[in-house]
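> Residue numbers (our numbering): 6 to 182.
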Amino acid sequence: MTRRAVTEHYPEAQPELPPRTRGVIGLFEENCTVCMLCARECPDWCIYIDSHKETVPPAAPGGRERSRNVLDRFAIDFALCMYCGICIEVCPFDALFWSPEFEYAETDIHELTHERDKLRAWMWTVPEPPALDEAAEDAKELATARRTADKLAAQERAEAPGGRGAQGGDGPGEGAS
6 MTRRAVTEHY PEAQPELPPR TRGVIGLFEE NCTVCMLCAR ECPDWCIYID SHKETVPPAA
66 PGGRERSRNV LDRFAIDFAL CMYCGICIEV CPFDALFWSP EFEYAETDIH ELTHERDKLR
126 AWMWTVPEPP ALDEAAEDAK ELATARRTAD KLAAQERAEA PGGRGAQGGD GPGEGAS
């Protein structure tokens, strides 16, 4: 309150946005499996998805054919969207991301329904995730996998020639903790 107000002249000077700005939703189409979770969980029903099934030949001889969903249309109506982010949170395949892009105004409300080509173009404006904290503890999954790998390595060393495997190295006070 002791400083003068400074007006930023928006079109000429772009604002400096915080790192986690919610601008628009970007689509990483390669990760989309057309599971429809985003459309079902959207409280505004502003996501439109169309797809068809395609038969995939067997990977190995004698195998069976598989079917997979192919994305035909993915559109978001930003006139209805309330930018809650539920669609991004529920996507199990990381196909939707927040982009800091905010300049997508249209003169007609019908043009605020953006199709997958526009959503894909916004994907490239999504910033990289922040770096992991080096002082943080490992995730439970990584710690468990590391312990399992250490146990397997110890077993292989014990079973190797010249190891303690033939002498019964797992007596009291020895072995895994």
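Don't be surprised by glycine CBs; every beta carbon is placed ideally from N, CA and C.
1) With DSSP run on the structure shown, which of helix, strand or coil describes Leu46?
2) With a threshold of 16 other CB atoms inside 10 Å of the CB of Ala171, please say whether the residue is buried or exposed.
3) Please return the same chain residues whose Cβ sits closer than 8 Å to the Cβ of Met87, not counting the five positions on each side in sequence.
4) Could you tell me the alpha carbon to alpha carbon distance between Met41 and Ala141, rounded to whole angstroms?
5) If we call anything under 8 Å between Cβ atoms a contact, is Leu76 one with Ser104?
6) From the DSSP output, in three-state form, read off Leu22 for me.
7) Per DSSP, which one or two residues make a beta bridge with Arg71?
8) What's the C-alpha gap between Glu146 and Ala165?
9) When the Cα of Thr183 is compared with those of Gly31, Glu21, Asp99, which residue comes out closest?
Let's see:
1) Translated into positions along the sequence shown, residue 46 becomes position 41. Looking at the sequence provided, one finds Glu at residue 46 rather than Leu. If DSSP states are grouped into helix, strand and coil, Glu46 belongs with the helices.
2) Counting from one through the sequence shown, the residue named residue 171 turns up at place 166. Reliability of the predicted coordinates at Ala171 is poor, the pLDDT of 47 falling under 50, and the value obtained from them is presented with this limitation in mind. Under this definition Ala171 is an exposed residue.
3) Position 82 of the sequence shown, counting from 1, holds the residue named residue 87. Only Pro48, Asp49 meet the Cβ criterion.
4) As a working mapping, residue 41 is identified with position 36 in the sequence shown. As a working mapping, residue 141 is identified with position 136 in the sequence shown. Their backbone Cα atoms lie some 35 Å apart in a straight line.
5) Position 71 of the sequence shown, counted from the first residue, corresponds to residue 76. Position 99 of the sequence shown, counted from the first residue, corresponds to residue 104. Cβ atoms of Leu76 and Ser104: not closer than 8 Å.
6) On the sequence shown, position 17 is the one that residue 22 refers to. Coil, per DSSP.
7) For this step, residue 71 is matched to residue 66 along the sequence shown. In the DSSP output, where bridge partners are listed per residue, Arg71 has Val61.
8) Reading the sequence shown from its first residue, position 141 is the one you call residue 146. Reading the sequence shown from its first residue, position 160 is the one you call residue 165. Rounded to whole angstroms, Glu146 to Ala165 spans 29 Å at the Cα level.
9) A question about residue 183 goes unanswered here, because the residues of the chain that appear run from 6 up to 182.
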